[in-house]
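Written out below as structure tokens is the structure these notes cover.
In this note's numbering, the protein residues as written are 40 to 151.
The following block contains the structure:
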């Protein structure tokens, strides 16, 4: 299963990966088109949605619904309610136990 990490979306916008070569599959080329439409529409109209496309609509951000987000996927993108469910609790646990990122993920403790 492929999951995105920081800056992996750039390959779908710029056609190149920030840290790796991008040799897109047919499905990934569809994603390139979809991402290009979102970025172009937002730059031209201030709205990423394609008017009259019949596809899912990217809702405006609402501070009272902080977890609501637009999940970009093929064949259908959609609005969802929980963004990275459980991730904040995990990070809070790290902070509570005064552990560093390196210690948590790699067992490395920075020595003074």
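Beta carbons: idealized from backbone N, C-alpha and C, even for Gly.
Please say whether residue j and residue i have beta carbons closer to each other than 9 angstroms?
i, j, result
"residue 121", "residue 109", "no"
"residue 78", "residue 90", "no"
"residue 116", "residue 92", "no"
"residue 113", "residue 60", "no"
"residue 52", "residue 71", "yes"
What do you get for residue i, buried or exposed, if any count of 16 or more other CB atoms within 10 angstroms of its CB means buried?
i, result
"residue 50", "buried"
"residue 132", "exposed"
Output the boundary residues of the beta strand (DSSP E) element that contains residue i.
i, result
"residue 119", "117-119"
"residue 109", "108-110"
In terms of residue numbering, what span does the alpha helix (DSSP H) encompassing residue i cover?
i, result
"residue 81", "65-84"
"residue 51", "49-53"
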